[in-house]
Each structure stands twice: as C-alpha cells, then as structure tokens.
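Here is the structure we will look at.
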Amino acid sequence: MSDFVKVDLVHNLYKNKKWREIKLNKFESIENVKKKIYTHTGTPHNHMDLYAYDELNVESSQVHLRNDHMCLNDYQVRDNYTIYVQDKKNAIPNDIIYQMDDDEKLNQLRHLKYEMKEEDYEKRQDTFRNFIKKFRARGEAAPSGEGHPNREGHPNGEIHPNGEDPLHNPPYDEQTYQIGNRCRIKIGDRRGVLKFVGKLKKGNEISVGVDLDEPLGNSDGTYQKKFLFECKGSKYGYLGNINSIEVGDFPPFDIMALDEF
1 MSDFVKVDLV HNLYKNKKWR EIKLNKFESI ENVKKKIYTH TGTPHNHMDL
51 YAYDELNVES SQVHLRNDHM CLNDYQVRDN YTIYVQDKKN AIPNDIIYQM
101 DDDEKLNQLR HLKYEMKEED YEKRQDTFRN FIKKFRARGE AAPSGEGHPN
151 REGHPNGEIH PNGEDPLHNP PYDEQTYQIG NRCRIKIGDR RGVLKFVGKL
201 KKGNEISVGV DLDEPLGNSD GTYQKKFLFE CKGSKYGYLG NINSIEVGDF
251 PPFDIMALDE F
C-alpha cells in the first residue's frame with residue numbers, strides 16, 4: 001500500500017482556483033503537510049487551518065486537521081479527497097469556524113448571527129461552512145419526483161441505491177448521458193464507457209460511473225460497499241460529479257500511435 005495520497009487543494013482566498021492531484025505523504029505530520037501546501041498556495045504554514053472532505057460524501061467525511069502532530073492517515077484522508085485551506089490571517093478574527101469542533105464554544109456562539117448587523121454578517125464569505133454550503137448548492141435544479149421508483153422507462157436503467165429515483169425530470173441531457181456512451185474524464189483525459197448516472201446521496205447532485213479503459217480510476221464499481229456498475233476491476237472504475245466528464249467520440253488510445261513508440 002502506498003504511503004502517499006493524491007488530493008485536490010482549494011483555498012478561501014482563491015475562489016476559482018483548484019490545485020489538482022497534489023501528492024502528499026499520509027504519514028507525515030500535519031505541520032509538514034502544511035509546509036508542502038505552502039509551496040503551492042503561498043500561504044505560510046503557521047497561517048493555515050486545513051479541512052478535508054470527500055466531495056461525494058461531504059456530510060460524513062469532513063474533518064478539521066487541527067492537530068499538527070497527527071498525520072493524514074490518522075484523519076483517514078484518502079485518495080481523491082479535497083483539502084480546504086483557510087488563511088487565518090486573512091479571515092475575520094474569532095470566526096466561528098475555528099471553534100467548529102468545540103461544542104462548548106459553539107453553544108456560546110450560536111447567537112452570533114443575530115447579534116451582528118445583517119450587512120456585516122453577509123460580508124462573511126470566507127468561512128469553510130459557506131464554502132461547503134455553496135458546494136452543496138451546485139447543480140440544484142428540478143425537485144425530486146413522486147411515485148414508486150422503477151428501472152423500466154429509465155434510459156440509463158439506474159436508480160439511487162437507497163431506492164430514490166434520480167432520473168425523474170433529470171437536470172441533464174438524457175440523450176447525451178446514456179449508458180454505454182463513450183466519454184472521457186476531463187482531468188487526465190482518462191477514457192471509458194459511461195455505466196452509471198444517478199444520485200449517491202440525498203440532494204440533487206448527479207454522479208456518474210465510468211468503466212475506464214485503463215486502471216486509472218478511484219473505484220471498483222462500488223460506493224460505500226454498494227454495487228453501482230460493472231467494470232474491469234480495481235481502479236478501472238471512476239466515480240465523480242457529472243460535470244467532471246465529457247461525453248462524445250473518445251475511442252480508446254492506440255498506444256502504438258503514441259510518439260514514444
């Protein structure tokens with residue numbers, strides 16, 4: 001098993017920037033991880049607060065990497081996680097986010113919004129909670145449908161693993177995202193066949209599953225021990241947001257046509 005994980009970095013001061021697939025040693029101290037992140041973001045390590053989460057399971061995976069003497073492995077940070085970098089020197093002093101793991105202080109601060117002027121409160125845009133709120137709001141479109149879920153009549157033949165019907169008035173083009181269509185992962189131009197379209201948790205975010213041509217994925221076709229789609233084996237499956245792929249004429253790479261051969 002590798003000593004390293006690949007994560008994406010996002011930063012409270014860079015709204016449209018993401019550092020992708022940053023390789024970090026999961027057994028190094030959080031302090032050393034911060035020093036490595038400094039080389040990418042420019043934020044001094046002693047000015048950072050770090051939070052990690054799985055984009056496909058934000059609710060139960062988000063964690064504050066608060067102890068500099070612990071390591072990523074202690075916090076169970078895995079491949080494909082996102083680490084949110086909070087620059088403490090450029091945030092509002094005494095922000096509630098820095099007390100998020102202290103129940104007593106949280107209780108003391110629950111009235112904070114109502115003691116501030118509304119215009120001042122609305123200026124508080126750089127907290128991790130606001131970031132997560134915006135992240136969860138992505139892709140919200142049609143309301144969930146009613147009725148008994150049934151695979152029949154669904155062009156993709158997929159339903160939510162918990163029995164929900166994600167394809168009633170789907171917020172995407174069903175003709176484009178048909179099971180069996182060729183596609184590519186935008187990051188890394190990994191190619192394969194679309195095998196799953198649906199919701200992996202409550203909400204309106206649509207996820208996709210792809211059977212990759214090469215073992216360069218993040219899944220074996222299962223999610224939280226539930227079978228979603230067939231693929232060739234470990235690492236041949238990819239799970240991600242529907243916006244992370246492009247559907248079209250993307251045939252498998254011909255390795256004999258590559259320049260190095």
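For the sequence shown, UniProt numbering begins at 1 and goes up steadily by one.
Virtual Cβ for every residue (Gly too), placed ideally from N, Cα, C.
Note that this is a predicted model, so its numbers are computed, not measured.
| Asked | Found |
| --- | --- |
| Mind checking whether Asp-211 and Cys-183 have CB atoms under 8 Å apart? | no |
| Tell whether a beta-carbon distance below 8 Å holds between Tyr-51 and Tyr-81. | no |
| Buried or exposed, going by whether 16 or more other CB atoms sit within 10 Å of the CB of Lys-89? | exposed |
| Quick one: is Ala-52 near chain C, going by C-beta distance under 8 Å? | The chain inventory of the structure shown lacks chain C, comprising one protein chain alone. |
| Please classify His-11 as buried or exposed, where buried requires at least 16 other C-beta atoms within 10 Å of its C-beta. | buried |
| Whose CA, out of Gly-248, Arg-78, Thr-43 and Gly-192, lies closest to the CA of Asp-8? | Arg-78 |
| Flag Thr-176 as yes when its Cβ comes closer than 7 Å to any non-hydrogen atom of the ligand PLP, and as no otherwise. | Absence of the ligand PLP is noted for the structure shown, with no ligands found whatsoever. |
| Of the residues Asp-213, Tyr-177, Thr-39 and Ser-234, which one's Cα is nearest the Cα of Ser-244? | Tyr-177 |
| Is it the case that the region 33 to 51 contacts the region 179 to 199, given that we only count it when at least three CB pairs across the two stretches are under 8 Å? | no |
| Do you know offhand how far Val-5's Cα is from Lys-199's? | 26 Å |
| Whose C-beta lies closer than 8 Å to the C-beta of Tyr-53 among residues of the same chain, with five residues either side of it excluded? | Ser-61, Gln-62, Val-63, Tyr-81, Thr-82, Tyr-84 and Ile-132 |
| If you reduce the DSSP assignment to three classes, tell me which class Val-77 lands in. | coil |
| What number of angstroms, rounded off, separates the C-alpha of Gly-209 from the C-alpha of Gly-240? | 7 Å |
| Measure the C-alpha to C-alpha separation of Pro-251 and Asp-173 and round it to an integer number of angstroms. | 21 Å |
| Cα separation between Glu-28 and Trp-19? | 20 Å |
| If you compare alpha carbons, which of Gly-221, Gln-175 and Leu-65 is closest to Glu-32? | Sequence inspection shows Asn at residue 32; the Glu mentioned does not correspond to that position. It is Leu-65 whose Cα lies nearest to the Cα of Asn-32. |
| Under three-state DSSP, which class holds Glu-31? | helix |
| Kindly indicate which residue of Thr-222, Lys-23 and Tyr-38 has the alpha-carbon position closest to the one of Gly-233. | Thr-222 |
| By the three-class DSSP mapping on this structure, what secondary structure does Ser-244 have? | helix |
| Tell me the DSSP secondary structure of Lys-89 in three-state form. | helix |
| Lys-226 bridges to which residues according to DSSP? | Tyr-223 |
| Quick one: grab the DSSP three-state call for residue 295. | Residue 295 lies beyond the residue range present for the chain, which begins at 1 and ends at 261; the question has no answer from this structure. |
| For Asp-3, which residues of its own chain have a beta-carbon under 8 Å away from its beta-carbon, when the five flanking residues on both sides are left out? | Asn-25, Lys-26 and Phe-27 |
| Going by other Cβ atoms of all chains shown within 10 Å of its Cβ, with 16 needed for buried, is Gly-237 buried or exposed? | buried |
| Skipping 5 residues on each side, what residues in its chain have a beta carbon closer than 6 Å to that of Lys-235? | Pro-215 and Gly-217 |
| For Glu-59, does the three-state DSSP call read helix, strand or coil? | helix |
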